[in-house]
Structure formats: C-alpha cells, structure tokens
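**Q**
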Amino acid sequence: MNPKLRLCRIYSSLDAHFGDLHWWPGETPFEIIVGAILTQNTAWRNVETAIGRLKNRRIMNPRSMRLLPEQELASIIRPAGFFNVKAARLKAFLRFLHENYGDSLERMFAVDTASLRSALLAVHGIGPETADSILLYAGGRPAFVVDAYTKRILSRHGLISSTADYPYIQRLFMASLPKEIPIYKQYHALIVETGKAFCRKTPICSACPLGKGDPVRVARALAS
DNA sequence: GACCAGGCACATC
DNA sequence: GATGTGCATGGT
Numbered sequence: 760m761n762p763k764l765r766l767c768r769i770y771s772s773l774d775a776h777f778g779d780l781h782w783w784p785g786e787t788p789f790e791i792i793v794g795a796i797l798t799q800n801t802a803w804r805n806v807e808t809a810i811g812r813l814k815n816r817r818i819m820n821p822r823s824m825r826l827l828p829e830q831e832l833a834s835i836i837r838p839a840g841f842f843n844v845k846a847a848r849l850k851a852f853l854r855f856l857h858e859n860y861g862d863s864l865e866r867m868f869a870v871d872t873a874s875l876r877s878a879l880l881a882v883h884g885i886g887p888e889t890a891d892s893i894l895l896y897a898g899g900r901p902a903f904v905v906d907a908y909t910k911r912i913l914s915r916h917g918l919i920s921s922t923a924d925y926p927y928i929q930r931l932f933m934a935s936l937p938k939e940i941p942i943y944k945q946y947h948a949l950i951v952e953t954g955k956a957f958c959r960k961t962p963i964c965s966a967c968p969l970g971k972g973d974p975v976r977v978a979r980a981l982a983s
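In the numbering used here, the protein residues as written are 760 to 983.
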C-alpha cells in the first residue's frame, strides 16, 4: 500500500477508535500558546497544573504575564518542569508579541502563514513543533504538527526511517491529506492519544487500534 | 527508585 | 551535519 493511502487509513482507524477529540485543550488562543511552550518534553498533566496556577493569579493574558518578573513567572509554572527555561521562553514570546504586534494576537495572526512561521521560529525557545502547534491550534492555519509520537508510530509502522527529520515528516502528511484544518487538528490529536495509550517506549501493541490484525507490525513494534 | 513525558538550544566532534 | 547533554517536576 502506498504511504499516502496508509496515512489516510491510519487516520480512519484512529478516528473510529477515539472519536472527535476537540483539540487543543485551552480556552483562548493565548492559553494554547502558553500550553504549547509549557508542554515541551513534559506530560500534559503537569502543564495543566501550571496553567491553573497562572489562571488563579489572573495572569493568563499577554500584558499581565509580560509585566510579571521572570523569576515570579518561573515559580508559578514550577509544576510544569524546566521552569527556568520555560519562563525565559514565555518571556521571549511575550517580548516578540509586544514589540511587533502591541500584545495583540489578532494582529499577529493577520500575518500570512509562511512569514509568521519564520518569525515564530526566530523567537528563542520556539522550535518547529511549538511553532506549528501555535499556527494550527491557536491560529487555525494549515501547519501539520509533528511530535515524538508521530515519529515513533510512523517509524514502527515502517512508513519512515528512524532518522527522518521534521520537515520530511511534515511534508509526508501535508502531501497525503486534504488541506483541511479540522483534519490536521484531529490527526495530531489522535496520534498523541494513541502514543499516550499504546505507543510509549514500551509499546502495548496488542490493544492498539493500529496493531490489531497485523502480527508483522506488532512483532516489529515489540522488538523495537 | 528507575523510567518517562505533546522540545529546544547549545556544545562538541 | 550528526550526536550528546542540560533543563526539572510529577505520575507509573
């Protein structure tokens, strides 16, 4: 089966299994951006705690967070881990937003997708996955998000080599799928939920909706 | 107590 | 250009 068709079949299997996941969890675009930075290499559970602390202190908005000293911000987001690094990264984004768009996400998202992606990548602490998460889930732009689970699942299913890089994997998805925002959002969400439930470093492939009925794939996954 | 989690920047070779 | 390392909390 060709890779494009397999990617579409994988989507169908996972969508049937999990249903509509309504991603990203977050009430506002700003909260989504903050979550995207806080969840870097971190379990979402810990990010939720940190987000709750930011909301309780009424600083889940660009201006309040920008005016808060970095050390205080770091202590508030402590439960999310890497708190000193992440406080600096949040501050770098807030500085970018303030200096270029006067703290307005609306103005920031008025920029065309390619230019905005480049600008975000130039912000210290925003790499490809974080930039694409911001574009897709906060801005509603067609940017497919590739994460560690995406690489792991595709690699175990023989669709990519284990050394495939971010741009290659992103192009593979974007060339295979209809260019529809809801599909991009749902597909990445499905991959993350699959990863969390079935495709950790020690996979639980027997129950995975992608593993069922394919002993070759299951064997390969278990061996990896 | 070891292992892992929805990355990224930086150093080193 | 590839590979290794620091960053840190909290759940399993």
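Using N, Cα and C, we set each Cβ at its ideal position, and we do this for glycine too.
Bear in mind the structure is a predicted one, so any value in this text is a computation, not a measurement.
Rounding to the nearest angstrom, what Cα-Cα distance links residue 899 and residue 785 in this structure?
**A** Taking the straight line joining both Cα atoms gives about 14 Å.
**Q** As an exercise, report each continuous alpha helix (DSSP H) stretch of at least 4 residues that is fully enclosed by the region 896-951, in chain order.
**A** Taking only runs of at least 4 residues, the alpha helix (DSSP H) segments lying wholly in the region 896-951 are 907-915 and 925-935.
**Q** Just to confirm, are residue 902 and residue 910 a CB contact at a threshold of 8 Å?
**A** Contact flag unset, no.
**Q** Using the C-alpha atoms, what's the distance from residue 936 back to residue 845?
**A** Near 33 Å, if we compare the C-alpha coordinates of residue 936 and residue 845.
**Q** Below 6 Å CB to CB, which residues in the same chain sit around residue 883 once its five sequence neighbours on both sides are set aside?
**A** Within the same chain, residue 883 has close Cβ partners 851.
**Q** Closest by CA to residue 838, which one among 944, 934, 801 and 921?
**A** Nearest option by C-alpha distance: 801.
**Q** When you measure from the CB of residue 902 to every non-hydrogen atom of the ligand FMN, does any distance come out below 7 Å?
**A** The ligand FMN is absent from the structure shown, which contains no ligands of any kind.
**Q** Give the secondary structure of residue 973 by DSSP, where H, G and I count as helix, E and B as strand, and everything else as coil.
**A** Because residue 973 sits at a pLDDT of 47, beneath the cut-off of 50, its placement in the model cannot be relied upon, and the following sentence gives the value as read from the coordinates. The answer is coil: DSSP assigns residue 973 none of H, G, I, E or B.
**Q** Measure the C-alpha to C-alpha separation of residue 854 and residue 918 and round it to an integer number of angstroms.
**A** Straight-line Cα distance between these residues: approximately 40 Å.
**Q** May I have the straight-line CA-CA distance separating residue 834 from residue 842, to the nearest angstrom?
**A** In a straight line, the C-alpha of residue 834 is about 7 Å away from that of residue 842.
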